[in-house]
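Undergrad: For the sequence shown, the numbering used here assigns the number 9 to the initial residue and increments by one for each residue that follows.
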Amino acid sequence: MPSLGTFNIRLFPDRGTEPTAVAERIVDLDADVFMVQEIRDHEAFDAVLAEASSRLGRDYAVTLGPMCRTSDLQLGVVRDRRCFREVEHRTQAQLDPQARCSCRDGHPPALLSVLEDPAGERRAAMSVHLQYGGRRWMHRARRDQWDHLVASIERVRAELGIPLAVAGDFNSTGYADDDRGERRHIQRMVEAAGMVLATADLTCTAYWRPNRRTGDYVPSMLDHILLSEPPREPAQALGMCAVLDGQRCPGDQDNPDFHVVSDHCPVRVVW
């Protein structure tokens, strides 16, 4: 069964990004297919994929698409060309029947890639990135985006009739403690879409530092993987989420990934 992942690589490449460290995390992920978010430089990311491919014996290639009309960030789907060829891909504007792709109007940044393995079996992978933040209006914006996302999932499943994975940064700041009912809302949306939340049992996929005085690293549950079929193995959060065991840690503790890779951790599941 193919392995699948998602990885928000913060503002890649950000000012402090170390490409070799990013490649190391992709090597750790070692997925046949994985979704990425916040890519700014396609050429620089291709170089990282080439390094990871060389170390893994893979042949990674990425298809990227726009997040929003006003953003230079991109999201996409990475595939190992030894495992899959891309049949087609669709941006958010192509996924919406009215070609709507405005983040401000509640349309979720998304990119769909239809993949085919050497045996001719097809699967679809969708990368998504929802509104960030914990303020009330940000929660409302994510709810609107979920409505559009579920509609897109339903259309894709009805049209293609093949296994589907939807993964990315859902920015679910209220998932861990159900703030403003976000965890329950996500569960309802996943059920409405007829999908399985493969990451339901994870407790950490990212870290943030809410207290500027102490600088403590606090776990957060922002990234999710939705599958049209139950996963073959439990989901895993890698990188600093594994190193820190999903626990809060003091700000003076050495945590290099946060600074040179991303505030998010790679997440992996067997599809």
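Just so it is clear, CB atoms sit at the ideal spot from N, CA and C, and this is done for glycine as well. Keep in mind that this is a model prediction, so the values were computed, not measured.
Counting C-beta neighbours from all protein chains within 10 Å, is the total for residue 154 16 or more, i.e. buried, or is it exposed?
TA: Position 146 of the sequence shown holds residue 154. Label assigned to residue 154: buried.
Undergrad: Can you find at least 3 beta carbon pairs, one from the region 85 to 102 and one from the region 111 to 125, that sit closer than 8 Å?
TA: yes
Undergrad: Let me confirm a value: residue 50 is counted as buried when at least 16 other C-beta atoms fall within 10 Å, else exposed. Which label applies?
TA: The count along the sequence shown starts at 1 and reaches residue 50 at position 42. Note on residue 50: under 16 other CB atoms within 10 angstroms of its CB, so exposed under the neighbour-count rule.
Undergrad: Taking only the alpha-carbon atoms, compute the straight-line gap between residue 100 and residue 164 and give it to the nearest angstrom.
TA: Here residue 100 refers to the residue found at position 92 when the sequence shown is read from its first residue. Here residue 164 refers to the residue found at position 156 when the sequence shown is read from its first residue. Looking at the two C-alpha atoms, the distance is approximately 12 Å.
Undergrad: Classify residue 131 as buried or exposed, calling it buried when 16 or more other Cβ atoms lie within 10 Å of its own Cβ.
TA: Translated into positions along the sequence shown, residue 131 becomes position 123. Counting every other CB atom within 10 Å of its CB across the protein chains shown gives residue 131 a total of 16 or more, marking it as buried.
Undergrad: Provide the residue(s) that pair with residue 42 in DSSP beta bridges, ordered along the chain.
TA: Indexing the sequence shown from 1 puts residue 42 at position 34. Its beta-bridge partners are 13, 86.
Undergrad: How would you call residue 247, buried or exposed, if buried means at least 16 neighbouring beta carbons within 10 angstroms?
TA: Translated into positions along the sequence shown, residue 247 becomes position 239. Buried, since its Cβ has 16 or more Cβ neighbours within 10 Å.
Undergrad: Helix, strand or coil for residue 226 per DSSP?
TA: As a position in the sequence shown, residue 226 is number 218, starting the count at 1. Here residue 226 sits in strand by DSSP.
Undergrad: Report the three-state DSSP secondary structure of residue 189 (helix, strand or coil).
TA: The sequence position of residue 189 within the sequence shown is 181, counting from 1. Helix.
Undergrad: Could you compute how far the alpha carbon of residue 38 sits from the alpha carbon of residue 68?
TA: Here residue 38 is taken as the residue at index 30 of the sequence shown, counted from 1. Here residue 68 is taken as the residue at index 60 of the sequence shown, counted from 1. Near 11 Å, if we compare the C-alpha coordinates of residue 68 and residue 38.
Undergrad: Between 197, 234, 179, which has its C-alpha nearest residue 213's C-alpha?
TA: Taking the first residue of the sequence shown as 1, we reach residue 213 at position 205. Closest by alpha carbon: 179.
Undergrad: Can you give me the start and stop residues for the alpha helix (DSSP H) that residue 146 sits inside?
TA: Mapped onto the sequence shown, residue 146 falls at position 138. Counting along the chain, the alpha helix (DSSP H) containing residue 146 begins and ends at 144 to 168.
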